[in-house]
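For the sequence shown, position 93 (counting from the first letter as 1) is numbered 1136 according to the working numbering, and the numbering increases by one without interruption. All C-beta atoms, glycine included, are put in the ideal place defined by N, C-alpha and C. Heads up: the structure comes next, in structure tokens.
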Amino acid sequence: MDINLILIFILVVVILYVILKVVTRPDGVTGILDAKIPVIVSNNDMSIYENDEDIYNHSYSIWTYIKDWTYNYGAKKMIFEKEGLEVFFTPTQNDLSVKVSTYDQSDAEMTTIPFECGISNIPVQKWINIIVSLNNKNMDIYINGKLAKTCVMSNVRQSFTSNGITLTNNNGFSGYTSKFNYLKQPIDPQTAWNIYKKGWDESNILSLNFGYDVDVVVTKNGESVF
């Protein structure tokens, strides 16, 4: 067989493999998204099914990049939300807040009692990995693979059956999100660190599999975006 045909065949296989890795994104449901535009991630996207028994205790991971903090100033800069859960940057400060709905078990009407846990001084203009792990009354928040805060709820967290998660609703924020993911269990520090080490994109595919280093730089109007 002609050596040129063999080389072309190998090149096509490599290209298809790289494309498949990027499209399927094995460690994230979504790719890089404009954080000003709302995106719905369905239960099917997250592999959540009606017979899931551990849906009450679970985790979420997402990468965020805040480009311009003044955008949508004075309003919640929503990262993702569903009924009974909001994860957002606060209206005027570069702080992260996670808000869940709880209730007092002695209350027959199950009146909703909001519970909020937050992290101050989230860096802007750089990629940050945020993980929220929910385990009964405990909430762990990881930033860049490290446990940043643990909050313990005094009441019981309400559980809602929803059709999915909405990313960056209500104009979101100026910047990007990447690799939103849902995990069907609370996570430990090692798992959080492993998620962080995988990075926000798939630009390391060639480095991991073929021995090449690839750097990706995105520019707009001649200026580096990230």
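- For W1106, the enclosing beta strand (DSSP E) covers residues H1101 to D1111.
- Under the three-state reduction of DSSP, A1118 is assigned to coil, being neither helix nor strand.
- Around the CB of A1151, fewer than 16 other CB atoms lie within 10 Å, so the residue is classed as exposed.
- In the three-state DSSP reduction, F1052 falls in the helix class (H, G or I).
- As the crow flies, the alpha-carbon of Y1116 is around 18 Å from that of T1220.
- In this structure G1207 is in contact with S1085, their Cβ atoms being roughly 4 Å apart against a cut-off of 8 Å.
- According to the DSSP secondary-structure assignment, G1218 is paired through a beta bridge with I1109.
- Rounded to the nearest angstrom, the Cβ distance from K1227 to H1101 is 6 Å, consistent with a contact under 8 Å.
- Taking all protein chains in view, the Cβ of M1153 is surrounded by fewer than 16 other Cβ atoms within 10 Å, so the residue is classified as exposed.
- If you ignore the 5 residues before and after F1158, its C-beta comes within less than 6 Å of the C-beta of V1143, T1145 and M1196, all in its own chain and listed in chain order.
- Rounded to whole angstroms, the separation of the alpha carbons of I1051 and I1173 is 41 Å.
- By a beta-carbon distance limit of 8 Å, L1210 contacts V1082. Their separation comes to about 4 Å.
- Membership of W1236 in the alpha helix (DSSP H) is indicated by the continuous run P1232 to K1240.
- Of K1119, I1238, Y1103 and T1113, the smallest CA-CA separation from Q1168 is found for T1113.
- For A1191, the enclosing beta strand (DSSP E) has its first and last residue at K1189 to V1195.
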